[in-house]
Amino acid sequence: MAVYRHIHIDYWQDGFVLDLTPEEKYFYIYLMTNSKTSQCGIYELPKRIIETETGYNRETVDKLLNRFIEYKKIVYCEETREVFLMNWIKHNKIVSPKVKKCVYEELKKIKSMDMVNLFFKQCEGYGYTLDKNELKINMGMDRVSIPIPEVESNFEYGYGEKEKEKQKEKKKKKKNKKKKNLRIV
281 MAVYRHIHID YWQDGFVLDL TPEEKYFYIY LMTNSKTSQC GIYELPKRII ETETGYNRET
341 VDKLLNRFIE YKKIVYCEET REVFLMNWIK HNKIVSPKVK KCVYEELKKI KSMDMVNLFF
401 KQCEGYGYTL DKNELKINMG MDRVSIPIPE VESNFEYGYG EKEKEKQKEK KKKKKNKKKK
461 NLRIV
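Residues are numbered in our numbering as their position in the sequence shown, beginning at 1, plus a constant of 280.
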């Protein structure tokens, strides 16, 4: 895990952020930079920790979490106390082998399989080639399943274009290989 997080200078001019209250801006930046954040954007964050680090009381923490859930910027699981920052993948690319390895290791520790599945769905939308089989998650009883609200699939940001091209090339090669095998038989 990194000991620092980069915040784009455009953060303050972002259309979504411009419409937030000062309290919401502070809370959102807290969610992106607190000590529990991970490379995959899913991490355990008990409300008690949020209270301690932000100085907010439980009622305010609940109110802010619910607002960001309504904004579709986060998913929070009460049972596992895990949060998933929905835009994390958009701003934190997963292309280098070292980053991919780190992400796989973090995903193995996630208790909510619904969050892991949502993560892979988002990766696919951004054109990142991550393989669920490489994850090798223990599908035992220690996994928790929670309902996840429907998330809009608006992934037209241009991220992961090289990954998309690589995947198209792989499919093309497989198709050609199958054709060759059919001719030989």
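The C-beta atom is built at its ideal place from N, Cα and C for all residues, glycine as well.
Within the same chain, R361 come within 8 angstroms of P326 by CB-CB distance, once the 5 residues on both sides are set aside. Around the beta-carbon of I390, 16 or more other beta-carbon atoms lie within 10 Å, marking it buried.
Residue pairing from DSSP leaves Y310 without any beta-bridge partner. Its Cα nearest to that of W368, the residue Q319 stands out among K305, G407 and Q319.
DSSP places V375 outside any alpha helix (DSSP H), giving it a letter other than H or E. If the five residues before and after T313 are omitted, its C-beta is found closer than 8 angstroms to the C-beta atoms of R285 and I287, all from its own chain and listed in chain order. In this structure, I322 sits away from F348, with a CB-CB distance that is not shorter than 8 angstroms. Contact between the stretch 371 to 387 and the stretch 338 to 346 is absent, with fewer than three C-beta pairs closer than 8 angstroms. Residue pairing from DSSP places F364 in a beta bridge opposite I322 and V355. Of the candidates R328, K454, I330 and M395, the residue whose Cα lies closest to the Cα of V355 is M395. Going by C-alpha positions, L298 is about 27 angstroms away from C357. Here N397 is exposed. Its C-beta has fewer than 16 other C-beta atoms within 10 Å.
In the three-state reduction of the DSSP assignment, G295 falls in the helix class, which pools H, G and I. Counting every other CB atom within 10 Å of its CB across the protein chains shown gives N456 a total below 16, marking it as exposed. Under the three-state reduction of DSSP output, N456 falls in the helix class. Secondary structure note for N337: it is in no alpha helix (DSSP H), with a DSSP letter that is neither H nor E. Under the three-state reduction of DSSP output, I287 falls in the coil class, being neither helix nor strand.
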